[in-house]
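**Student:** The structure that follows is given in the form of structure tokens.
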Amino acid sequence: MVVLLQPVTFNSDVYVNPKCKPSPVPVPVIDLTDADAKTQIVKACEELGFFKVVNHGVRPDLLTQLEEEANKFFAMPQYLKEKAGPPDPFGYGSKRIGPSGDMGWLEYILLNANHHLSSTKTTAVFQQTHATFREAVEEYMDEMKRMACNVLEMVEEELSIEPKEKLSKLVKVEESDSCLRVNHYPEKEETPAKEEIGFGEHTDPQLISVLRSNDTEGLQICLKDGSWVNCWRYSSGILSVMTNGRFKSVKHRVLTNTKRSRLSMIYFAGPPLTEKIAPMSCLVLKQEDRLYKELTWSQYKSHCYKSKLGDYRLGVFEEQ
Ligand code: GA4
Numbered sequence: 001m002v003v004l005l006q007p008v009t010f011n012s013d014v015y016v017n018p019k020c021k022p023s024p025v026p027v028p029v030i031d032l033t034d035a036d037a038k039t040q041i042v043k044a045c046e047e048l049g050f051f052k053v054v055n056h057g058v059r060p061d062l063l064t065q066l067e068e069e070a071n072k073f074f075a076m077p078q079y080l081k082e083k084a085g086p087p088d089p090f091g092y093g094s095k096r097i098g099p100s101g102d103m104g105w106l107e108y109i110l111l112n113a114n115h116h117l118s119s120t121k122t123t124a125v126f127q128q129t130h131a132t133f134r135e136a137v138e139e140y141m142d143e144m145k146r147m148a149c150n151v152l153e154m155v156e157e158e159l160s161i162e163p164k165e166k167l168s169k170l171v172k173v174e175e176s177d178s179c180l181r182v183n184h185y186p187e188k189e190e191t192p193a194k195e196e197i198g199f200g201e202h203t204d205p206q207l208i209s210v211l212r213s214n215d216t217e218g219l220q221i222c223l224k225d226g227s228w229v230n231c232w233r234y235s236s237g238i239l240s241v242m243t244n245g246r247f248k249s250v251k252h253r254v255l256t257n258t259k260r261s262r263l264s265m266i267y268f269a270g271p272p273l274t275e276k277i278a279p280m281s282c283l284v285l286k287q288e289d290r291l292y293k294e295l296t297w298s299q300y301k302s303h304c305y306k307s308k309l310g311d312y313r314l315g316v317f318e319e320q
């Protein structure tokens, strides 16, 4: 499931590449204060695997401030940024994504959201910047956690999931294995701008991802028929297992064909490493309807981190 934090305004003027057309699929826009929000969220998770939220309660100046601070980080000389790399997986990375040789036209920082910003690489990111960056990151992570829990609680209510807080607790607890990724896709200098893969196609492995991006296009999602549509603001993995396939894990990618740089910030809400992931019994009426077996998040995460970006990873959960 992916959640967007932005207004959907499909303005075709901003597309550099004529192949990039506004999405023909209306992106569901869900007002989190709407009485019907939980029904709309579940419908969006079943049909598309992503939706945009409004009235989410995150103060706009926090979003602006974090974007400004992140831009300042990426504007620093390369040798300074590299003091916070290579990513292990946390820290600063450039062009290389993950440990299996995937490459993209981007630079990024990956931060551990829970063991509070304590890894050596994370510390190195903040050594190069002002304290204001770290403060904004911490507040943003708290807000993303709150929002992810809020959305998961609505899902629990709508699907009558028992016990109460079964899903949201996984993210709320101290040991939750969540992370924040800030991606910077630099603008292209050539004219016409050459299409490049910014971030190759993949699905996110965690429970829910909350994405916020600046006003630059690039994000595309893959529909059930295999076609790619622009959805320049966006959509996860194990929620699909836990709902026994009822929720979709949307495949997405980012293209860089733009004259403007793209900045995106994604909070990946994950459960504790020891948590057992399996279809929730309240959603599987008959044993033979169960599509997936049980693995811990730690086992699944290790499997993911050995894979290539575009690999189908949920197969390890599938019952024979
Ligand atoms: C995709 C979602 C998150 O960005 C991420 C990515 C991770 C990484 O960049 O190191 C992975 C990718 C992501 C899934 C497969 C493996 C691991 C790169 C890769 C090739 C931080 C995550 O948790 O999984």
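Going by the UniProt record's numbering, the first residue of the sequence shown is number 1, and it counts up by one from there.
C-beta: ideal position from N, C-alpha, C; glycine also.
Since we're looking at a predicted model, the values are computed, not measured.
1) Please name the residue, chosen from Glu68, Ala113, Arg146, that lies closest to His130 on a Cα-to-Cα basis.
2) CB-CB under 6 Å to Lys19, same chain, minus the five flanking residues each way: which ones, in chain order?
3) As a quick exercise: from Arg146, Ile197, Ala269, pick the residue whose alpha carbon is nearest that of His56.
4) Just mark Arg313 as buried or exposed, buried being the case when its beta carbon has 16 or more other beta carbons within 10 Å.
5) Please list the terminal residues of the continuous alpha helix (DSSP H) segment that includes Tyr140.
6) Looking at residue 323 and the ligand GA4, is the gap between the Cβ and the nearest heavy atom below 7 Å?
7) Less than 7 Å between the CB of Tyr305 and some heavy atom of the ligand GA4, yes or no?
8) Gly104 and Leu207: beta carbons closer than 8 Å?
9) Using three-state DSSP, classify Thr258 as helix, strand or coil.
10) Tell me the residue span of the alpha helix (DSSP H) that contains Val125.
11) Taking Cβ to Cβ, would you say Lys95 is nearer than 8 Å to Gln128?
12) By DSSP, does Lys21 sit in helix, in strand, or in coil?
13) Could you tell me if the beta carbon of Leu309 falls within a distance shorter than 7 Å of some heavy atom in the ligand MG?
14) What does a CB cutoff of less than 6 Å around Asn149 pick up in its chain, not counting 5 residues either side in sequence?
**Tutor:** So, to answer that:
1) Glu68
2) Unreliable positioning characterises Lys19 in this predicted model, as indicated by a pLDDT of 44, which lies under 50. A coordinate reading is not provided.
3) Arg146
4) buried
5) 131–158
6) With the chain running from 1 to 320 in the structure shown, residue 323 is simply not present.
7) yes
8) no
9) coil
10) 120–127
11) no
12) Since pLDDT at Lys21 reaches only 48, below the 50 mark, its modelled position is unreliable, and no value is offered.
13) As far as ligands go, the structure on display features the ligand GA4 and does not contain the ligand MG.
14) In the sequence under discussion, the amino acid at residue 149 is Cys, which differs from the Asn named in the question. Closer than 6 Å at the Cβ level, and outside the excluded window around Cys149, lie Ser168, Val171, Lys172.
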